[in-house]
Amino acid sequence: MGLLTDDQKMLQETAASFLAEEGSVGKQLRHWRDIGCKDGFGHGLWKQFAELGMTGICIPESHGGLGLGATEAALVLEEIGRNLTPSPFLATAVVGARAIAGTQHADRWFPGILTGETILALAVDEGSRHGPAQTALEAKRQGNGFVLNGCKQFVVQGASADMIVTAARTAGSLGEPEGITLFAVPRDAKGLEVENVALVDSSKAARLTFENVQLDADAVIGEVDGGWAPLKRALAAGNAGAAAELVGVASGASAMTLDYLRQRKQFGKLIGEFQALQHRAAHLYAEIEIARAAAFKAAQLLDAGDEQAELYASVAKAKSADVANFAVREGVQMHGGIGMTDEHDIGLYMKREAVLGELWGDVYYHREQVARLSGY
Amino acid sequence: MTTDLDAFRAETRTWLEANCPAEMCQPIRSEADVCWGGRNWTFQSDAQRSWLEAMAGRGWTVPDWPKDYGGGGLPAEEARVLKEEMQRIGARPPLTSFGISMLGPALLAFGTEEQKGHYLPQIARGEIRWCQGYSEPGAGSDLAGLQTKAEDKGDHWLVNGQKVWTSYADKADWIFCLVRTSTESKQGGISFLLFDMATPGVSTKPILLISGNSPFCETFLDDVKVPKDQIVGEVNKGWDVAKYLLGHEREMIAGMGLGAGGSSVTLGSVVKPADPLLRAEIAAFDVDALAFAAMSERFAAMWKAGEAHPASPSMMKYAGTELNKRRNELAVAAGGSEALEWDSERSGGGSAARNWLRSKGNSIEGGTSEIQLNIVAKHILRLPGA
Chain C
10 MGLLTDDQKM LQETAASFLA EEGSVGKQLR HWRDIGCKDG FGHGLWKQFA ELGMTGICIP
70 ESHGGLGLGA TEAALVLEEI GRNLTPSPFL ATAVVGARAI AGTQHADRWF PGILTGETIL
130 ALAVDEGSRH GPAQTALEAK RQGNGFVLNG CKQFVVQGAS ADMIVTAART AGSLGEPEGI
190 TLFAVPRDAK GLEVENVALV DSSKAARLTF ENVQLDADAV IGEVDGGWAP LKRALAAGNA
250 GAAAELVGVA SGASAMTLDY LRQRKQFGKL IGEFQALQHR AAHLYAEIEI ARAAAFKAAQ
310 LLDAGDEQAE LYASVAKAKS ADVANFAVRE GVQMHGGIGM TDEHDIGLYM KREAVLGELW
370 GDVYYHREQV ARLSGY
Chain W
5 MTTDLDAFRA ETRTWLEANC PAEMCQPIRS EADVCWGGRN WTFQSDAQRS WLEAMAGRGW
65 TVPDWPKDYG GGGLPAEEAR VLKEEMQRIG ARPPLTSFGI SMLGPALLAF GTEEQKGHYL
125 PQIARGEIRW CQGYSEPGAG SDLAGLQTKA EDKGDHWLVN GQKVWTSYAD KADWIFCLVR
185 TSTESKQGGI SFLLFDMATP GVSTKPILLI SGNSPFCETF LDDVKVPKDQ IVGEVNKGWD
245 VAKYLLGHER EMIAGMGLGA GGSSVTLGSV VKPADPLLRA EIAAFDVDAL AFAAMSERFA
305 AMWKAGEAHP ASPSMMKYAG TELNKRRNEL AVAAGGSEAL EWDSERSGGG SAARNWLRSK
365 GNSIEGGTSE IQLNIVAKHI LRLPGA
C-alpha cells in the first residue's frame, strides 16, 4: 500500500480548505441546528460540493463523474469529520452511489447527484443494533411487481432523501443472508410513512413504516434474492468512509484539546506542562495515527478489489470508532468545566462520534466481524 | 521501468531458488536458528554457512548499502523485490546483527571514509559481531547521564566505567560504546567509541532475566586502551550519533508489535479462544494489531519517502511494544495452566511463559514507553515545558 499520489494530495488540500472555510461548525452545524432545519444539513453546501466535482467522486467517468474511489472519498470524509460538517456526502455520494452503480438506477439518479440536487439514503436496520442479516421487511411478489411491509430505522437523512435503497426479504428466513433483495424506493411512495427523528448530534435519521408499498419489478436493484453481495459492498464502502470521518472527528477533537493545553493556566502553569496530561495526549496521538492508517488501508483495499477489503473495513471502523470515542472523552475531560458547556465545540465532537460510531455497526459488531472473518 | 524490475524479479527468483538451501526456508523456531555471525560463530549447519556466503557474495545481507562497502547497491524498489522474493519462499534472513540494524546506518551517516571502508564490509560479511554499550547502572532512561569516562592520553583513549543491559556482550567481538569525554555539558560531553571486546580490561557477566534466559550482560571497563581513530563523529558530538542510532533501534523494536507470525495472522486464529469474554478481548486486540500492521506499512513508506516526522519512531516503538505485551498477556490467558509450564516438552520448554515474561522488557529497552511519550509530547505535539 503506497502513499498518496500528487492528485490525491491536491484533492485533500482542496477539501481541507473548502471545508474549513465553508463547512465550519459556526456556518453549518450550529446554524442548521439553531434554526431547527428539517434536513440537518444545508442544500447550498451540497451544491458547492457538486460544483467542486466532489459529489461525483465515486461515479464513473462514463456517467460524468470523477471515476475515483474509496481513497479519495476518505480524504474528503476526514475533512468533513474534522469540521463536523453536516453533509449527505457519505450516505448519498459514497454508499448510495455504490449501491446502484452498474444498474439501471444509476442512469436515473447519478445526474442529480452530480448536480447536488439528489439525496439518497440506505435503509437496512430494523432494530436498535446493526444486523443486515436480520432483515425482516417483507417484499412479496404481486402481479408484475412487489408489495413491501415492515419497518426500518436509523435511516440517515431518510426524510430528506429522494430515493431510499431498501433491503427487504424476498426469500429465506430471519438471520440468513440469502433471500435479501435491494429496492429503490421513492421517498414519496404510497404507503410509506416517514418519521424524521433528530439524533443527539443534530443530524436526522428516519424511521420508516412500509404499509403495502407497491413497487414495479424495475425497482429491484440488481438481482432478486441476490441483494446480500451488493449490500455488503455498499456497507463496506460505508464503513470505510465512516472510519475516515471518525478519524477526522478524532483529529479535530484532539487538535482543539491540544490548543487548550497550550493556553489554559492553572497553578501558575500552562496545563500542557503537566506530564500527567502530556502522556495522555501523546498516547492519543499514537492511537489516531494508527486509526488513520487502518482507514486508509481499508479504502485502498476496496479500490484494489482485494479480498481482505471486508476484513479491513471492519478493522478500520472498529479501530477508528474506538479511538474517536477515546479522543472525545479525553477532550471533554481535559477541557474541564468549559467542555461541559453547549457554547464550546468540544461537546459537539462527542455527540458526532456517538452517532458515527453506531452507524452500520458499532465497535462490538465490527470486532465480531473481524473474529469471524479470521476464523474464530 | 516495469520491465526492468520484472527482469530483476525473475533473475532474483531463479538465483534464490538455486542458492537458498531448503533448510534455510524453514520457519525460525527459536533463537538457535538465527545466524548472528562473528569471529567465534559456530554455524548451526552447512546450509546456514552456505546461505550466508552466497548472500554476502552478492552484497545481499545488506541489499541497500553501497557496493563499495559490501552492500548490494540496490535501489529501493529492487531491495523491496528481493525482500518479497525471499518472503515468497520463506527464506530466513542470512544474517541478523546489530552491525546491520544499528551501527551500519550510523557509520554510513557519521563515519569517515576509512571507517566505512574498514568496518562496513566486515559487518556485511558477518565477520564481526557487535554489541551496544549504552545504558549504565545510573543511566537508564536518563541515558545522557552516563559516567563511563574516556580520558585523552595522547595516543589513545583510556576508558573506565560500567555498562549494563549490553545485549549479547558475552558473544560479541566489538562494541560501539558511549563514553563521557567532557563534564562541561551533559549531552555535549559524550563521544561514540568503537573497540574490540578482546582488549585487556574488558569483562562481561550475563544477567539472568525473569524469563530464565540471559540475552544481556553487565560489561566492566577497567583501564581499557582505545586507539584515537576509533571514534565516530567528533569528540563530544557522540550524542548525535547515539540519537540517530536509537531511531533505528526503535524502528526495529516497534516491528515486534506485528507478532511472530507476521501482520496477517490474528491471535484469535492461533489460540481459538473458547471462553466468550476472553474471545471478546482477543478480538479487540486483533483489531488493534491489524490496525497497527497498517500503521507499520504506512510508516515504512512514509519514512522512506522522507514524509515521516523524525520523532515518529518513538510513537511506533511505544505502540508496537505495548501491543506485543498485550498479545503475550492474552496468549498466556488463552493457554490456561499449560501456558504456565516452565520446561516441559509439551510447552516447548515453557515458550509461552518465557515469551510473556521477556515481552515485559520491550517497553523498557531502547527507551521506556514513558520516555517515548515524553519525546512525542515534546517533538511532535510541541507541548509547553516538555
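So the sequence lines, in the order shown, correspond to chains C and W. With my numbering, letter number 194 in the first sequence gets 203, and the count goes up by one each step, no holes. With my numbering, letter number 37 in the second sequence gets 41, and the count goes up by one each step, no holes. Quick reminder that beta carbons are idealized off the backbone N, C-alpha and C, glycines included.
Taking the beta carbon of residue i as the centre, do at least 16 other beta carbons fall within 10 Å, making it buried, or is it exposed?
| i | result |
| --- | --- |
| G314/C | exposed |
| L212/W | exposed |
| M90/W | buried |
| A170/C | buried |
| V209/C | exposed |
| I214/W | exposed |
| G74/W | buried |
| I375/W | buried |
| D16/C | exposed |
| N153/C | exposed |
| N221/C | exposed |
| G340/W | exposed |
| T14/C | exposed |
| T144/C | buried |
Alpha carbon to alpha carbon, how far is residue i from residue j?
| i | j | result |
| --- | --- | --- |
| W64/W | S49/W | 20 Å |
| Q52/W | G41/W | 10 Å |
| R92/W | C24/W | 12 Å |
| G389/C | L93/C | This structure gives no information on residue 389/C, because the portion of chain C shown stretches from 10 to 385. |
| T203/W | K229/W | 7 Å |
| K328/C | T270/W | 15 Å |
| E285/W | R376/C | 9 Å |
| R338/C | E362/C | 10 Å |
| E82/W | T100/W | 20 Å |
| R302/W | F196/W | 32 Å |
| E296/C | S363/W | 21 Å |
| L20/C | R386/W | 28 Å |
| G348/C | A356/W | 46 Å |
| K153/W | D354/C | 55 Å |
| R91/C | A262/C | 8 Å |
| W134/W | D174/W | 11 Å |
| A130/C | A300/C | 26 Å |
| P314/W | V332/C | 24 Å |
| G207/C | E282/C | In the sequence as displayed, the identity of residue 207/C is Ala instead of Gly. Distance between the alpha carbons of A207/C and E282/C: 41 Å. |
Chain W beta carbons: is any one of them nearer than 8 Å to that of residue i?
| i | result |
| --- | --- |
| F276/C | no |
| H52/C | no |
| A327/C | yes |
| L267/C | yes |
| Y358/C | no |
| S260/C | no |
| A380/C | yes |
| V256/C | no |
| L311/C | no |
| V104/C | no |
Taking 8 Å as the CB-CB cut-off, is residue i touching chain C?
| i | result |
| --- | --- |
| F114/W | no |
| E222/W | no |
| A83/W | no |
| A381/W | yes |
| V336/W | no |
| Y73/W | no |
| G389/W | yes |
Can you list, in chain order, the residues of its chain whose CB lies under 6 Å from that of residue i, leaving out five sequence neighbours each side?
| i | result |
| --- | --- |
| G261/W | Reliability fails at G261/W, whose pLDDT of 48 lies under 50, so the model's placement of it is uncertain and no value is given. |
| G74/C | G65 and I68 |
| F47/W | R53 |
What residues in its chain sit with their C-beta under 8 Å from that of residue i, if we drop five residues either side in the sequence?
| i | result |
| --- | --- |
| H52/C | G125 |
| P239/C | A108, L191, I230 and G231 |
Since residue i contacts residue j with CB under 8 Å, what's their CB separation in whole angstroms?
| i | j | result |
| --- | --- | --- |
| L250/W | Y322/W | Contact doesn't hold; Cβ gap of about 13 Å is too wide. |
| V258/C | Y358/C | 6 Å |
| G167/C | V203/C | 6 Å |
| L54/C | G76/C | About 23 Å; that fails the 8 Å criterion. |
| D177/W | R43/W | 5 Å |
Under the criterion of a Cβ to heavy atom distance below 7 Å, does residue i qualify as lining the ligand GDP?
| i | result |
| --- | --- |
| F199/W | The ligand GDP is absent from the structure shown, which contains no ligands of any kind. |
Taking 7 Å as the limit between beta carbons, can you name the residues of its chain near residue i, skipping five residues before and five after?
| i | result |
| --- | --- |
| G353/W | D347 |
| G11/C | none |
| L84/C | Q17, L20, Q21 and A24 |
**Residues of the region 279-306 of chain C whose Cβ lies closer than 7 Å to any Cβ of chain A, in chain order** = Looking at the structure shown, chain A is missing, and the protein chains on hand are C and W.
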